[in-house]
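Enquirer: Pasting in a structure now, in C-alpha cells, and then I'll have a few things to ask.
There are 2 protein chains.
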Amino acid sequence: VNTFTRWDDDFVEPTDAPRGHRRHHVVVVGAGFGGLAAARALADAPVDVTVVEPNNFHTFQPLLYQVATAGLDSGNVAYAVRGIFRRQSNVDVRMARVVGVDLAARTLDLDSGAVIPYDSLVVAAGAVSTGFGVPGIEEHALPLKRLDDAIAIRRHLLDRFERAAADPDLVGDGALDVVVCGGGPTGVEMAGGLMELFDKVLRKDFPTLPVRRARVVLVEAADRLLPPMSAASSRRAHRTLTRRRVEVRLGVGVDRVEPTRVHLADGTVIPAHTVIWAAGVAANPLARIVGTETTRGGRLLVEPDLSLPDHPEVYAVGDIAATAAPLPQVAQPAIQGGRHVAAQIRRRLAGLPTEPFEYHDKGSMATIGRLDAVVDFPGGRHLGGPIGWMAWLGLHLVYLMGFRNRVNVFVNWCWNYLTYDRGSRLLGEAQREAPDGSSESP
Amino acid sequence: VNTFTRWDDDFVEPTDAPRGHRRHHVVVVGAGFGGLAAARALADAPVDVTVVEPNNFHTFQPLLYQVATAGLDSGNVAYAVRGIFRRQSNVDVRMARVVGVDLAARTLDLDSGAVIPYDSLVVAAGAVSTGFGVPGIEEHALPLKRLDDAIAIRRHLLDRFERAAADPDLVGDGALDVVVCGGGPTGVEMAGGLMELFDKVLRKDFPTLPVRRARVVLVEAADRLLPPMSAASSRRAHRTLTRRRVEVRLGVGVDRVEPTRVHLADGTVIPAHTVIWAAGVAANPLARIVGTETTRGGRLLVEPDLSLPDHPEVYAVGDIAATAAPLPQVAQPAIQGGRHVAAQIRRRLAGLPTEPFEYHDKGSMATIGRLDAVVDFPGGRHLGGPIGWMAWLGLHLVYLMGFRNRVNVFVNWCWNYLTYDRGSRLLGEAQREAPDGSSESP
C-alpha cells in the first residue's frame, strides 16, 4: 500500500508538473548505458532529470546477437525505461527523438514539436551502424545494432530456411549461407551463435535440408579476429570458430554486396542470401545536430571533463563522444562516463571546478558460442574456454537490467544449454498500422 | 549424440523426399489446437503428414490477452511448429497459405505457387475476427485473435500513454480510456487485465498522468456477461469487474466506431482512443475457398463424423467447422475434433466405417484478473475466486506447449504477482523489409 500512495493522484501534481521546472533541469538524451548511468547517478542530486529516448526501452546491446540467433526473446534484452526509473522520483521520461539543439538558448526540439529547456545537457545517443559507403551494404546487408535489427536478422534467416524447404533449388544459390562482415566481438559472437543455431536447432527443424553444409563465413579486413583484444584471445577465437565449421577470412575487405552475393576485395564471390554487417558504427547523427566540432567518425570532440568546447553545461558520453585517447565502443566507457558527468553536474552546482574523466579499464570479453569465451584482463592476463564462458555468463547476468529479465534470460540459457533448443524462432510478428492510420513505431 | 544421428544428412533422404509420397498423405491446414491434435494423433499411423500453416508458430490463443496487457512476452504464447513436430518423423511442415482447393483432383494451391496433393485433408484453419459490418470496426478497432493483434494492442495502448505524457490535453479526449466490445471470455479477461495493468503498473510508470481516472468500459449486447457460462459465474464476473472499476454496459450494442469515439446503440458516446473488438469471429475465409456448403458465419457444414458432405476424405475441425449441435469456439472442441478425425483416417485406411464425433464437455473458465476466475464444471457446479484462479492457472500451464514456455510463463506470472510489474511493455519492435525488398511477414 505504501508503494502506491507515493504515486497517488492526490499527492502528485497533475499533468503539467514537468513543465515549470524550478530546480536545475538536466536533460539526458539516450537511455543506453551512458544515459542510464548519468540519470541514476543524479538520483539524490538537487536536480530534475528528463530522459529523452525514441524507444520506450533500454536495449542491452551485448546480447543482441542472442536475439538474432533465436536464443533469447526480445523482451529478455530490453527493459522499459519508465520501469527502470520508477523509484527515482526526480526523473521524467519522454519518448521522443531530438531533432534540434539550440546551444545558445539551451533548448531541445523534439520530433513531437515540443521544445524543452535544459540547464545541463547530457548527450548519450550512442552509435548507429554504417556501411562506410561500401556499395550494397545499406540495401542488402543486415546491421546488428538495434533490437529491430536483431529481430529482422532472425526473421530473415528463418524465412530463408522456410523458403528453401519449399523450394530446394534455393539451397545451391546460398539460401542457407551467411556472410558475417566484421571480426570484432559482434561478428565473432554472431558467427558462433549462428553455427550453434544451425547445428543444434535448424538441422533438427529442417531434416530435409542439408543444414550441415550451410556456410557461415566471417570476413575481417585486419589480419586477425578481435583486433582490440590480445593475440592469444584472437588465436583462441579463430581456432574455436574454425573447429565449429565457421570459415574465417582474414585480411580481406568487402568490395560490394548484392542481394544474394558478397564480393570480396580479392575477387572472391560468396553466394549467401543473408549478409550481416558488423563491421562498422558511426556516431548517432544527433552529433551533427548538436553542431560543435566532430571527428571523422562523426563523434563529438569533448574536453577532458567530457563537456563540449565552450559549453561547460553540455556533456557527451559513450559512443557519441570522442575523447583525446580513444576508448573502446562498449558498455564500460559509457557507464563510467555517465557517472562522471553526473558528478561534474553536482560539482558545478556546488561551485566547484570540474575534474577530468579517467577511464578504468576492466578488461574485455567475447563469447564464441556454447561453453567457450575469451576474456582479456587489464594487465595482460587472459582466460579462455569454459571458465571464460562462465565468467562471461555471470557478468552479463549481473549487468542485465532488472531481476525479471535476469531470471528469464537464465531460464532461456539453461533451456538452450540442456536441450539445444531455441524457443524464440517466431516469424511473422508483423508491425501493424494503428487503427487511426498513424504508425505505432517511434 | 544419438538424437542427432537420426537427422543426419547421411541418413535422411535429401531435399526431394517430401515430394514423392508413397504412403497415404494427410495434409493438415492450420497449426492451431485442432490441427496440432490431428497431426499428433497420427504419430504412429502409416501415413505421411504435411502441416500447412502461414505462420511458423502455434499461437496459444487463450493467453493472447496477457500479451496485449503486457503480462507476457509474445514468445511465451507461441511455439515453433517445427519444434513441436521435431520428434515426429512422419510430419513435414510448410509455412504457406492455402489459396486454392481442388476437391476433385485432391490438391491444394499454396501462395508460394506450389501445388500439393493429398489423400486425406484436415481443414483446421480456425476463425478470424469480424466486425459484422459495424461501421468503423475494421478501420478503428483492434481485434484480439492473432499474436500480431495482441502486440498491436499493447503497442497502441502504451503509445497513447506516452503521447498523453507529452501532451496532457489528450487525457480529456480519452487518450487513456479503453472500450472493450464484447462481454464473452475474451472481453472479460481483457477488461480485467487492462484494469490491472493500469492500476498496478502504468500508474507507477506515468506518475504525472491521472491513470486512476482512466476508464475501461466493457460493452456487451446480451443482458449478462459471459453469456455461455452459468448465471452465477456471470454475476461473479460482473461483481468483480465492477469492484475493480471496470464500467460494465449490458444490453446495448455498438452502433459505430470513430478513431477516438465509440457510439453505442442507445446514443451514448464514449471518448476512447483505444477500442478493442472482442465481439465476434467468423470462420477463416479458407472455408469459402473449399467451396462446400457453409453456414451464415461462413463455417463448413460437416457430417456427424466431421467429414465434408460427399467428401469423406476431407474433414473440418474446430472453429471452421459447423456441427449440427453448435460447439463452443474454444480449444477443447478443436482438440477433441482433431483427435477424432485422426482416428477416422486410421479407420478408413483399415477399411472400417467412420464413427460420429461426440464432444465431451469439460467445462469452461474465464479469469477476471489477479486472484479471481470463474469456472463452470459440466453438470452445473461452478467455482470462483482465488481457488478458481488457481485452477485456471494450473490448467493453462499444463496445456501450454513445451516445457520452456511453461517455465517462462510461470516466471513471468510469479514476477507479475509479486511485484505488480509488467516486463513486456516494449514499443517499437518494428517490422523491417528484407534487404532484398521483399516483406518478411508471411
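Those protein sequences? They're chains A and B, same order as listed.
Mind the numbering: the first sequence is residues 295 to 736 in the numbering used here, read in order.
Mind the numbering: the second sequence is residues 295 to 736 in the numbering used here, read in order.
Glycine included, each C-beta is placed from N, C-alpha and C at the ideal position.
On a predicted model such as this, the values are computed, not experimentally measured, just so you know.
1) Helix, strand or coil: which one does DSSP assign to A335 (chain B)?
2) Please give the ranges of any alpha helix (DSSP H) in the region 450-516 of chain B, keeping only runs that are unbroken, at least 4 residues long and fully inside the region.
3) To which residues does DSSP link G679 (chain A) through a beta bridge?
4) Hey, out of B:S658, B:G365, B:P501, B:R641, whose CA is closest to P650 (chain B)'s CA?
5) Using a Cβ-Cβ cutoff of less than 6 angstroms, which residues in the same chain neighbour G632 (chain B) once the five nearest sequence positions on both sides are dropped?
6) Mapping the DSSP letters down to three states, classify S524 (chain B) as helix, strand or coil.
7) Please list the partners that K439 (chain B) has in chain A, where partner means a Cβ-to-Cβ separation under 9 angstroms.
8) Per DSSP, what kind of secondary structure is H567 (chain A) in: helix, strand or coil?
9) Taking Cβ positions only, does G326 (chain A) come closer than 8 angstroms to chain B?
10) What separation, rounded to the nearest whole angstrom, lies between the Cα atoms of T589 (chain B) and P522 (chain B)?
11) What does the alpha-carbon distance come out to for the pair V371 (chain B) and Q360 (chain B)?
12) Could you pull out every unbroken beta strand (DSSP E) segment of at least 3 residues lying fully inside the region 387-419 of chain A, listed in chain order?
13) Exposed or buried, H654 (chain B), counting other C-beta atoms within 10 Å across all chains shown (16 or more means buried)?
14) Taking the Cβ atom as the reference point for each residue, do L544 (chain A) and E514 (chain A) lie within a distance shorter than 8 angstroms?
15) Can you give the Cα-Cα distance for V392 (chain B) and D403 (chain B), rounded to whole angstroms?
16) Nearest-angstrom Cα distance between V584 (chain A) and P356 (chain A)?
17) Which chain B residues sit within Cβ distance under 7 angstroms of R388 (chain A)?
18) Residues of the region 372-384 of chain A with a CB closer than 7 angstroms to any CB of chain B: list them in chain order, please.
19) Listing by chain order, which chain A residues have their CB less than 8 angstroms from the CB of G481 (chain B)?
20) If you measure between the beta carbons of V575 (chain B) and A390 (chain B), is that distance less than 8 angstroms?
21) Threshold first: 4 residues or longer. Then list the alpha helix (DSSP H) segments lying entirely within the region 616-666 of chain B, N to C.
22) Between B:H634, B:G324, B:G369, which has its C-alpha nearest D442 (chain B)'s C-alpha?
23) Got a sec: is the Cβ-Cβ distance from N350 (chain A) to anything in chain B below 8 angstroms?
24) Quick one: grab the DSSP three-state call for L436 (chain B).
25) Do we get a CB-CB distance below 8 angstroms when we pair D499 (chain B) with the residues of chain A?
26) If you drop the 5 nearest sequence neighbours on each side, which residues of the same chain put their C-beta closer than 7 angstroms to that of R454 (chain B)?
27) So which residues of chain A does E456 (chain B) contact, with C-beta pairs closer than 7 angstroms?
28) Which class does S368 (chain A) belong to by DSSP, given the choice of helix, strand or coil?
29) Beta-carbon separation of L268 (chain A) and A685 (chain A) under 8 angstroms?
30) For the beta strand (DSSP E) that L544 (chain B) lies in, which residues bound it at each end?
31) What does D774 (chain B) reach in chain A if we use C-beta pairs closer than 7 angstroms?
32) Which residues in the same chain as F500 (chain B) place their Cβ atom closer than 6 angstroms to its Cβ, once the five residues preceding and following it in sequence are excluded?
33) Could you list the residues in the region 440-452 of chain B with a C-beta less than 7 angstroms from some C-beta on chain A, going in chain order?
34) Taking Cβ-Cβ distances below 7 angstroms as the criterion, which residues of the region 414-435 of chain B are in contact with chain A?
35) Residues of chain B with CB under 7 angstroms from A331 (chain A), in chain order?
36) What residues of chain A sit near A408 (chain B), judged by a beta carbon separation below 9 angstroms?
Expert: Once the coordinates are examined:
1) As a first step, residue 335 (chain B) is located in the second sequence; it is residue number 41 there, counting from the start. Helix, per DSSP.
2) 463-466, 479-490
3) Start at 1 with the first residue of the first sequence, and residue 679 (chain A) comes out as number 385. Answer is A:A667, bridged to G679 (chain A).
4) For the purposes of this step, residue 650 (chain B) is taken as the residue at position 356 of the second sequence. Selected option, being the one with the closest Cα: B:R641.
5) Walking along the second sequence from the start, residue 632 (chain B) turns up at place 338. Around G632 (chain B): G328, A331, A332, V611.
6) If you number the second sequence from 1, residue 524 (chain B) lands on position 230. S524 (chain B) falls in the coil class under three-state DSSP.
7) In the second sequence, the residue the question calls residue 439 (chain B) occupies position 145. What K439 (chain B) touches in chain A: nothing, since even the nearest Cβ is about 13 angstroms away.
8) Within the first sequence, residue 567 (chain A) is the residue found at index 273, counting from 1. It is coil, neither helix nor strand.
9) To locate residue 326 (chain A), count along the first sequence from 1; it is residue 32. G326 (chain A) does not count as touching chain B.
10) To locate residue 589 (chain B), count along the second sequence from 1; it is residue 295. To locate residue 522 (chain B), count along the second sequence from 1; it is residue 228. Spanning the two alpha carbons is a distance of roughly 20 angstroms.
11) Here residue 371 (chain B) refers to the residue found at position 77 when the second sequence is read from its first residue. Here residue 360 (chain B) refers to the residue found at position 66 when the second sequence is read from its first residue. Cα to Cα, the separation comes out at about 9 angstroms.
12) 392-396, 401-404, 409-411, 414-417
13) By 1-based counting over the second sequence, the position of residue 654 (chain B) is 360. Flag for H654 (chain B) reads exposed.
14) Numbered from 1 along the first sequence, position 250 holds the residue referred to as residue 544 (chain A). Numbered from 1 along the first sequence, position 220 holds the residue referred to as residue 514 (chain A). Yes, Cβ-Cβ distance for L544 (chain A) and E514 (chain A) is below 8 angstroms.
15) As a first step, residue 392 (chain B) must be located in the second sequence, where it is residue number 98. As a first step, residue 403 (chain B) must be located in the second sequence, where it is residue number 109. C-alpha separation (whole angstroms): 6 angstroms.
16) By one-based count along the first sequence, residue 584 (chain A) stands at place 290. By one-based count along the first sequence, residue 356 (chain A) stands at place 62. Approximately 27 angstroms, taken between the alpha carbons.
17) Along the first sequence, one-based indexing puts residue 388 (chain A) at 94. A460, listed in chain order.
18) A372, A374, R376, G377, R380
19) Stepping through the second sequence from its first residue, residue 481 (chain B) is reached at position 187. Residues of chain A passing the Cβ test: none, with the nearest at roughly 17 angstroms.
20) Numbered from 1 along the second sequence, position 281 holds the residue referred to as residue 575 (chain B). Numbered from 1 along the second sequence, position 96 holds the residue referred to as residue 390 (chain B). Not a contact, by the Cβ cut-off of 8 angstroms.
21) 625-643
22) Counting from one through the second sequence, the residue named residue 442 (chain B) turns up at place 148. The residue with the shortest Cα to Cα distance from D442 (chain B) is B:G369.
23) Here residue 350 (chain A) is taken as the residue at index 56 of the first sequence, counted from 1. Yes - at least one Cβ of chain B is within 8 angstroms of the one on N350 (chain A).
24) Here residue 436 (chain B) corresponds to residue number 142 of the second sequence, with the count starting at 1. Looking at L436 (chain B) - three-state DSSP - the assignment turns out to be strand.
25) The sequence position of residue 499 (chain B) within the second sequence is 205, counting from 1. Judged by the 8 angstroms Cβ criterion, D499 (chain B) is in contact with chain A.
26) Within the second sequence, the letter at position 160 stands for residue 454 (chain B). For R454 (chain B), where only same-chain residues beyond five positions count, the Cβ hits under 7 angstroms are A469, L470, H567, T568.
27) Here residue 456 (chain B) is taken as the residue at index 162 of the second sequence, counted from 1. Those are N350, M389, listed as they occur along chain A.
28) Within the first sequence, the letter at position 74 stands for residue 368 (chain A). Reduced to three states, the DSSP call for S368 (chain A) is helix.
29) Residue 268 (chain A) is absent from the model: chain A starts at 295 and stops at 736.
30) One-based indexing of the second sequence puts residue 544 (chain B) at position 250. Looking at the DSSP string, the run of the beta strand (DSSP E) that includes L544 (chain B) is 541-544.
31) Limits of chain B in this structure are 295 at one end and 736 at the other, which puts residue 774 (chain B) out of reach.
32) Here residue 500 (chain B) refers to the residue found at position 206 when the second sequence is read from its first residue. Same-chain partners within the cutoff: F455, A459.
33) L441, D442, I445, A446, R449, H450, L452
34) E433, H434, A435
35) Here residue 331 (chain A) corresponds to residue number 37 of the first sequence, with the count starting at 1. By Cβ distance, chain B contributes nothing, its closest Cβ being about 21 angstroms from A331 (chain A), past 7 angstroms.
36) Mapped onto the second sequence, residue 408 (chain B) falls at position 114. The answer, in chain order, is A460, D461.
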